[in-house]
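Input: a single structure, listed below in structure tokens.
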Amino acid sequence: MIRVLSFLPLLLPASGALAHPHIFVDTALEVALNEAQQVTGVTVSWAYDEFFTLLLFEDMGLDPDGDGVLSDAEMEELQGFELANWPLDYAGDLYLFAGDEAVELGRPEARGVTLKDGRIQSDHYRPLLPPSPADGLHIAQYDPTYYIAYTLSRGVTVDGACEAIVTDPDLDETARAMQQELANIPEDGFTELLAGHLYAQDVRIVCAASE
């Protein structure tokens, strides 16, 4: 989502050497399965933090009176705001793996934008191309640059006889890995630190054995 907002380059840190999130998103995932227990798609729900919501309003010229309430026309303008200019090479900060193989995802399909408790909530759907067996599938959501911090605080739901097991990152291990990454950065050079995966929660889909 970060790439589609014109004001965000002004907020980017001067150095890419230190990973520190500036946007915080509470997320929910809904995993859709077919009758063969294959994942056909994932509905992603992003609830942006209050400060980012205010910045977005300002950037889009919404809510000029600052009361936190949008008119019907303003809500219509907000629909699909982050999907309109979705770059072809943008993964959407969503990564699926079957074993060691990355699972291909299709382009996002808008599922609506709402405003709840002063926060924008944007939902979209990502189809799998083609569907992948659900059992053992891993899902991770992260911004590679860690400019955006995603937290699965709103849960993961799975259709059918499968469930999602969410594992938080080991922060001690993450800290050690970060120190190693920082040690590899040349003192006289600029290197973008891609550390978002170190902070990602792991979602593993587990299915009951078929009769």
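According to this note's numbering, the stretch in the sequence shown is residues 21 to 231, in order. We put the beta carbon where it would ideally sit given N, CA and C, even for glycine. This structure is a prediction, so every number in the text was calculated from the model and none was measured.
* In whole angstroms, what is the alpha-carbon distance linking A229 and V64? -> 27 Å
- [ ] Using the DSSP secondary-structure output, state which residues sit across from S173 in a beta bridge.
- [x] Bridge partners of S173: none, in fact.
- Does the distance from the CB of V89 to the CB of Y68 come in under 9 Å? no
key: Local Cβ density within 10 Å of A181, reported as buried at 16 or more and exposed below that   = exposed
State the Cα-Cα distance for the pair D192 and A48, rounded to the nearest angstrom.
26 Å
When burial is assigned at 16 or more other CB atoms within 10 Å of the CB, is H40 buried or exposed? exposed
Should I43 and Y167 be called a contact, given that it needs their Cβ atoms to be closer than 9 Å? yes
Check whether the segment 70-85 and the segment 139-152 are in contact - that is, three or more C-beta pairs closer than 8 Å.
yes
**Asked** Is S65 near the ligand MN, judged by its Cβ being under 8 Å from some heavy atom?
**Response** With respect to the ligand MN, the structure offers nothing, as it holds no ligand at all.
Exercise. Just how far apart, CA to CA, sit R131 and Y145?
Worked result: 7 Å
Exercise for the section: Indicate the three-state DSSP secondary structure (helix, strand or coil) for Y115 in the structure shown. Expected result: strand
Q.
As a quick exercise: from E129, D179, L98, pick the residue whose alpha carbon is nearest that of C227.
A. D179
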